[in-house]
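What follows is a single structure, written as structure tokens, with notes after it.
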Amino acid sequence: MAFLDNSGDIILDAVLTDTGRKRLAAGDGSFRIAKFAVGDDEVDYTLYRNSNAAEGVHPSGSAYYDINILQTPVLEAFTNNTSIMNHKLVSYVRDDLLYLPVIKNNDTISQTVDKNTAALTDIPVGGYLVTTDYTTSDPDTFAASTATSPFRTFIGVIRGNRSFATAGQFICLDQGIDNTDLSIQKLDNADALRETQFLVEMDNRLGQVLSLDGNTVARPSFIDDDNIASYYFSLNSNGQYFAAPDGQAPGVAEFNRSTNETSPADTFSVIGDTNGGRYGTRFAFRLLAAENLQTSNVLFSKLGGNTASDYVSSGAVFRFIDSTIRVTGFTTGYRVDIPVRFVKKI
Amino acid sequence: MATSFKTLQASDVQASRTKLHEAIPVTGTIVSGTYLVANASTNVKNFSHGMFQSVYDYPFLSSSANHIFDITVGMSANSALSASTNVQGKQKLQLYNQMAQILVGHDATGSIREFDRDGDLTSGDKFHDGIFFNFSRLLVKDELQKGTFRMEFSVDPTGTYDQISRTNRVIKITDTSGSNSFKTNSPAGEYGILFVTSSTSGTLNTDLEHNQGLPCGLLYYQAGIAVLSSSLFKVHASGGLLGNELYGWGGNLAPNTGGKVTMSSASNFNIDEDLQGNSISGTADDLRNRLQDIYFANTTELNSTIYFCRANASDFNYSSNPTYLSKSQIRVKETREDSPVSYITTVGLYGANNELLAVAKLSEPLKKTPANEFTLRVRLDY
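Sequence order for the protein chains is A and B. Residue numbers for the first sequence follow our numbering, beginning at -6 and rising by one. Residue numbers for the second sequence follow our numbering, beginning at 95 and rising by one.
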């Protein structure tokens, strides 16, 4: 897309998204605009030159702090609904907030593949390998592989086959204020900075969201024209996806301030450190590989490829597809993308 | 409670309808094809069925070519020419009936009506022969704007296609009365009467009956079809609209042709002979080469829904942009007391289940603080 002409009056370039056109064409009344949000996808706030800026405060004074931001050229609208409105603006009642919450992948509770002791190449750094079929999910398959292989250490491997679903890693996210200037506290239940609703988006052709006990396959709220499924989880109605004391997610450590006053930090938290941080909620889920990936190789040929031999010291070659699991705090708007690689042993 | 969505109230959504007009000038060089390099592919397309000829703005084999209009001719069974027409006679009859059926309709007995000179179908003169210009939907859009149509033809009698002959004795066909006087008794919608005038004295048969000129055809606004009478190319003595004297009837011009307006010097056909003895595409060639230019304005009826997205003072002052924070601290604030600042570049319109249905981009970032409010007016056209 080109940049919009910003030489004159401010103009607004409006288009229907591909999903909007699909809903309109359906003619079933599903095209009904009910709400709006505003975003700032193009804006890089590191250009804001106050005293927090790496470049230092702008020499011409506060009127020039945002001069570079205001000159940012804006792209024409993308029509792909998942490619735009990545970062929404958020409304809080209070104007005196200095800290806002973030969401971080908890690679302490559920270690990512790069946490293996051996140096591995061609892996989704900060993410997971997701096994797709029974053979690849079965630990016995790799019993003879190198001891440091993720398929032996079980670090960073989500077992996507239903038979082994509860045995492998899962995706766990900590939400809260990741700043050590603040003392360690659990955000109050009524605190606006505490996230209680999460949106998970993933390619529906590749997999689905599974509850931590492995018993419930979550139902997407909708699947768009590009096969991106959106799942909504709220603390009130989906407590099994939230760690205690907020929810009842089985097998996920509680997310709370320790009762040990000399060491109050949550042992597994990735929010803050041993001295500071405000804990919000801990959200976790498993992944179930799509049936199509288990029984067919078509999508692997179309969207992925084959690994090198002896992939991650496993002694095997795999078919793979790289994808991303996107998790967004529904009210606070913060978003993280977790890289995953769906693998199937050849 | 934090929120990144704001519900649109009923009062935030307004429907509107506007008419958009575009000027469409079509120059004679495009129509005649002379703007193209000799021997290059042509912008005029003939079909093996020979029922009509299409004019494009560029060689039609190119993917960037746009269809402008089609030309065809037809004659009714009541035409004096039809009995003796020996080239594509059936096709010309079929075309007249097809066009008449769609544009004029049927009478009480189910018979196809003929094109009427003044639009009064109950009586009056009929156009038994018709020259049809069917403009493409790409240009016409929803309809031709009434009162804007103009078409200029050369009625030079020699039939040569040189520059001088083309610009000699030009007649102008307009729907001048269309904006305030049009007919509604067609099954194809509204239509106006086309009138012919000329700035060259004597080119037309009589002094103008009135300012609008002489009726010479019909213009169907919604259908985007101009129907011209063949009388445009005939002198009055032959039942046409052109002046007798200028064309050799009592004058000293073109005496050898005896009032004949030769459509093509190669064939030496006048319009009647052309309709009888020439193929449809051959007649279309002759007509195209006499065309000076065409101009009209089209109309697009835009049905719009306007969403007033109101960002009040307390709304959208923070961002979830990852660069907004450094270790969870807001970059744009140095102290807790500083006002939050955010910059709007995009407005997303969502369905009830949070599907992004439409999106609007601002041409430059808009600074949002608790000290200001915006109403962003997002218009979706259908």
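For glycine and all other residues, C-beta sits at the position ideal for the given N, C-alpha and C. Nothing here was measured: the structure is a model prediction, and the numbers come from that model.
Pairwise C-alpha distance: residue j and residue i
i              : j              : result
A104 (chain B) : N197 (chain A) : 35 Å
L396 (chain B) : R155 (chain A) : 53 Å
T159 (chain A) : I96 (chain A)  : 24 Å
S273 (chain B) : P251 (chain B) : 33 Å
T267 (chain A) : P243 (chain A) : 25 Å
I365 (chain B) : S359 (chain B) : 12 Å
S217 (chain B) : N279 (chain B) : 14 Å
K328 (chain B) : D368 (chain B) : 12 Å
Y85 (chain A)  : Q162 (chain A) : 35 Å
L175 (chain A) : Y412 (chain B) : 20 Å
D106 (chain B) : S53 (chain A)  : 41 Å
E237 (chain B) : N299 (chain B) : 33 Å
S55 (chain A)  : N43 (chain A)  : 7 Å
R14 (chain A)  : R25 (chain A)  : 11 Å
N45 (chain A)  : Y38 (chain A)  : 11 Å
L192 (chain A) : G265 (chain A) : 23 Å
F390 (chain B) : D219 (chain B) : 27 Å
F99 (chain B)  : S230 (chain A) : 20 Å
A117 (chain B) : I162 (chain B) : 14 Å
Q142 (chain B) : S275 (chain B) : Residue identity differs from the one stated: residue 142 (chain B) is Ser in this sequence, not Gln. Near 40 Å, if we compare the C-alpha coordinates of S275 (chain B) and S142 (chain B).
P349 (chain B) : N362 (chain B) : Low confidence applies here, because P349 (chain B) scores a pLDDT of 44, under 50, leaving its location unreliable; read the following figure in that light. Cα-Cα distance, rounded: 14 Å.
Y272 (chain A) : T75 (chain A)  : 29 Å
K337 (chain A) : Q233 (chain A) : 29 Å
I3 (chain A)   : T463 (chain B) : 18 Å
T261 (chain B) : A331 (chain B) : 24 Å
N346 (chain B) : S295 (chain B) : Caution is warranted here: a pLDDT of 47 is assigned to N346 (chain B), below 50, making its placement in the model unreliable, and no coordinate value can be reported.
T429 (chain B) : D88 (chain A)  : 11 Å
R152 (chain A) : L280 (chain A) : 8 Å
Distance between beta carbons of residue j and residue i, contact taken as under 8 Å
i              : j              : result
P238 (chain A) : E247 (chain A) : 6 Å
G311 (chain B) : I374 (chain B) : With a Cβ gap of about 18 Å, G311 (chain B) and I374 (chain B) do not count as contacting.
S422 (chain B) : I170 (chain A) : 5 Å
A27 (chain A)  : A446 (chain B) : 4 Å
L82 (chain A)  : I438 (chain B) : 7 Å
I124 (chain B) : D164 (chain B) : Not really, about 14 Å apart at Cβ, beyond 8 Å.
V106 (chain A) : I148 (chain A) : 7 Å
Interface residues of chain A facing residue i [CB-CB closer than 7 Å]
i              : result
K240 (chain B) : Those within 7 Å of K240 (chain B) in chain A number zero; the least Cβ separation is about 30 Å.
Q423 (chain B) : L91, Y92 and N172
L114 (chain B) : Here the premise fails: no neighbours, minimum Cβ distance about 16 Å.
S408 (chain B) : S84 and V86
A405 (chain B) : V31
Neighbouring residues, chain A, relative to residue i (Cβ below 9 Å)
i              : result
N411 (chain B) : L82, V83, S84, Y85 and D88
S375 (chain B) : By Cβ distance, chain A contributes nothing, its closest Cβ being about 39 Å from S375 (chain B), past 9 Å.
Y190 (chain B) : Within chain A, no residue comes near Y190 (chain B); the closest Cβ sits about 39 Å away, beyond 9 Å.
Contacts that residue i makes with chain B (C-beta to C-beta distance below 8 Å)
i              : result
P44 (chain A)  : A quick correction: the sequence has Ser, not Pro, at residue 44 (chain A). What S44 (chain A) touches in chain B: E428.
I4 (chain A)   : L456 and S457
L296 (chain A) : Going along chain B, no residue has its Cβ under 8 Å from L296 (chain A), so there is no contact; the nearest lies around 23 Å.
A160 (chain A) : Ordered by position in chain B, no residue passes the 8 Å Cβ test against A160 (chain A), which lies about 33 Å from the chain.
Neighbour list for residue i in chain A, Cβ cutoff strictly below 8 Å
i              : result
L102 (chain B) : I26, A27, K28 and F29
R111 (chain B) : Ordered by position in chain A, no residue passes the 8 Å Cβ test against R111 (chain B), which lies about 17 Å from the chain.
T97 (chain B)  : V83, S84 and T324
Neighbour list for residue i in chain B, Cβ cutoff strictly below 9 Å
i              : result
R328 (chain A) : S414 and P416
T39 (chain A)  : T417, S420 and R425
T12 (chain A)  : G445, E449, L450 and L451
D59 (chain A)  : V426, V435, Y437, P459 and K461
V8 (chain A)   : A452, V453, A454, K455 and L474
Contacts that residue i makes with chain B (C-beta to C-beta distance below 7 Å)
i              : result
T267 (chain A) : The contacting residues do not exist; T267 (chain A) stays about 15 Å from chain B at best.
T95 (chain A)  : At residue 95 (chain A) the sequence reads Val, which differs from the Thr that was named. Within chain B, the residues near V95 (chain A) are L419 and S422.
The ligand MG heavy atom lying under 7 Å from the CB of residue i
i              : result
T209 (chain A) : Ligands displayed in this structure: none; no statement on the ligand MG is therefore possible.
What are the residues of the region 447 to 472 of chain B that lie near chain A, defined by any Cβ-Cβ distance shorter than 8 Å? N447, N448, E449, L450, L451, A452, V453, A454, K455, L456, S457, E458, P459, L460, K461, K462, P464, L470, R471 and V472
Of the residues that make up the region 16 to 34 of chain A, which ones have a beta carbon closer than 9 Å to any beta carbon in chain B? Cβ contacts with chain B: R16, L17, S23, F24, R25, I26, A27, K28, F29, A30, V31, G32, D33 and D34.
What are the residues of the region 61 to 76 of chain A that lie near chain B, defined by any Cβ-Cβ distance shorter than 9 Å? Under the 9 Å Cβ criterion, the region 61 to 76 of chain A contributes I62, L63, Q64, T65, P66, V67, L68, E69, A70, F71, T72, N74 and T75.
At a CB distance below 9 Å, what residues from the region 313 to 326 of chain A approach chain B? Give them in sequence order. Hits within the stretch, in order: T321, G322, F323, T324, T325 and G326.
Could you run through the region 215 to 246 of chain A and flag, in chain order, every residue whose CB is less than 8 Å away from some CB of chain B? F215, D217, S223 and Y225
Residue ranges of each beta strand (DSSP E) run of no fewer than 3 residues wholly in the region 99 to 168 of chain B, ordered along the chain? 107 to 121, 138 to 140 and 147 to 150
Determine which residues of the region 431 to 447 of chain B have a Cβ less than 9 Å from any Cβ of chain A, and write them out in chain order. E431, D432, S433, P434, V435, S436, Y437, I438, T439, T440, V441, G442, L443, Y444, G445, A446 and N447
Quick one: complete alpha helix (DSSP H) runs, 4+ long, within the region 42 to 118 of chain A? Taking only runs of at least 4 residues, the alpha helix (DSSP H) segments lying wholly in the region 42 to 118 of chain A are 60 to 63.
Closer than 8 Å, Cβ to Cβ, to anything on chain A: give me those residues from the region 309 to 320 of chain B, in chain order. none
Within the region 219 to 251 of chain B, ranges of the alpha helix (DSSP H) (whole runs, at least 4 residues): 231 to 234
Select from the region 192 to 216 of chain A all residues with a C-beta closer than 8 Å to any C-beta belonging to chain B, and list them in chain order. The region 192 to 216 of chain A vs chain B, Cβ under 8 Å: L192, S214 and F215.
Under 9 Å, CB to CB, which of the residues in the region 377 to 402 of chain B have a partner in chain A? T399 and Y401
Report the residues of the region 202 to 213 of chain B with a CB closer than 8 Å to any CB of chain A, ordered along the chain. none
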